[in-house]
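With our numbering applied, the sequence shown covers 150 to 413.
Cβ coordinates follow ideal geometry from the N, Cα and C atoms, glycine included.
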Amino acid sequence: MSEPNVLAETRGAVRVLTLNRPAALNSFTSAMHAELLAALDAAAADAALRAVVVTGAGRGFCAGQDLTDPGMAAADGGAPDVGAVIERHYRPLALRVRAMPVPVIAAVNGVAAGAGANFALGCDIVLAARGASFIQAFSRIGLVPDCGGTWLLPRLVGRARALALAMTGDKLAADEAERIGLIWRVVDDAVLIDEAIALAERLAAMPVRALAETRRALDDASTLDYGDALALEARVQRELGRANDFAEGVAAFFAKRAPRFRDR
Ligand code: T3D
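What follows is the structure in structure tokens.
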């Protein structure tokens, strides 16, 4: 039997998903897309899980679309319908990550190129090994940033840097990615996965429903004016204020004990 394209390991309330095509730098095939989406769906549906970590096997995180995958070839042998590939695979993947009921941490262990870079940047918190790098490889092959890149990049680093990264396709070292605010933090290569799991465990002990709502509120507010964002905050707080975790957090504060959050 062939190796799975995505490995899933559960450590307490944390699921670690590892892209597992190291010989091709974990680039996306149709098969890997299907397995990754199924793995994220399974994590979302598992009430015992409270955080997810995604990483890559071997020396790369993910080199984007596998440019040799027959799944992207046109049936008639003509030019591939790249838009169909995006609709079939990358749009559902980016939306799935953004709608996860728990925090998703990218542990970028090596090069992250093309859609591999933007898949990582679409996660909630990005940790990277010092030896990792980020490449908006699309311009090198005549495409635009996808997997959410057009939306994410200017919001993360501003239009000037987003355009320069996307137009040049230059490799950005992890340290520089941290410096310009593209990612959260760089750690030494040897401790990346341990640091990512420690962070995931920390988030898993927090009120994860509120964390997922925080992601959604920040994203939704980015297209609202100030007044509408304030109204959005009131709506979300109204819901969360009725949830168990808020009562538990306040009770634990006054009882001077550690809270036990359970909502998802
Ligand atoms: O349908 C669509 O296309 C729509 C979707 C688009 C989304 C996208 O992601 S478009 C962007 C696609 N990705 C790329 O263009 C990146 C291509 N890869 C690279 O530029 C380089 O591999 C890297 C800069 C990422 C890493 O360079 P390096 O020197 O560390 O490694 P390498 O030697 O180039 O690659 C190692 C192996 O992985 C090599 O195979 P080999 O020679 O050992 O048998 C290489 O061919 C393979 N590999 C790397 N990237 C891909 C790949 N194989 C297939 N597809 C890849 N994207």
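- Scanning its chain for C-beta atoms nearer than 8 Å, with the 5 sequence neighbours on each side dropped, one finds around ALA366 the residues LEU381, GLU382 and VAL385, in chain order.
- Using a cutoff of 7 Å, the CB of LEU301 does not count as near the ligand T3D, since none of the ligand's heavy atoms is closer than that.
- For the region 187-275, the full-length alpha helix (DSSP H) segments reaching 4 residues or more read 231-234, 240-247 and 264-270 along the chain.
- For VAL340, no alpha helix (DSSP H) run applies, since DSSP gives it neither H nor E.
- Taking 3 residues as the minimum length, the beta strand (DSSP E) runs contained wholly in the region 317-341 are 320-322 and 334-336, in order along the chain.
- Excluding five sequence positions before and after VAL293, the CB atoms of its chain that fall closer than 8 Å to its own CB belong to PHE287, THR299 and ALA315, given in chain order.
- Boundaries of the alpha helix (DSSP H) harbouring ALA400: 393-404, taken from the DSSP string.
- Rounded to whole angstroms, PRO408 and LEU166 show a C-alpha spacing of 28 Å.
- Taking a contact as a CB-CB distance under 8 Å, the pair LEU198 and VAL275 does not count as one, their CB atoms being some 20 Å apart.
- Counting only runs of at least 3 residues, the region 293-319 fully encloses no beta strand (DSSP E) element at all.
- In the DSSP assignment, ILE290 forms no beta bridge with any residue.
- Remark: C-beta atoms of ALA206 and LEU242 do not approach each other more closely than 8 Å.
- At least 8 Å separates the beta-carbon of ASP412 from that of ALA396.
- In terms of Cβ geometry, ASP295 and PRO356 do not form a close pair [threshold 8 Å].
- Look at LEU166 here: in three-state DSSP terms it is strand.
- Among the bridge pairs identified by DSSP, ALA157 is matched with LEU166.
- Note on geometry: alpha-carbon atoms of LEU352 and ASP230 lie some 40 Å from one another.
- In the displayed model, ALA281 falls within coil according to three-state DSSP, outside both helix and strand.
- Sequence-distant Cβ neighbours of LEU156 in its own chain, meaning closer than 6 Å and more than five residues away, are THR167 and ASN169.
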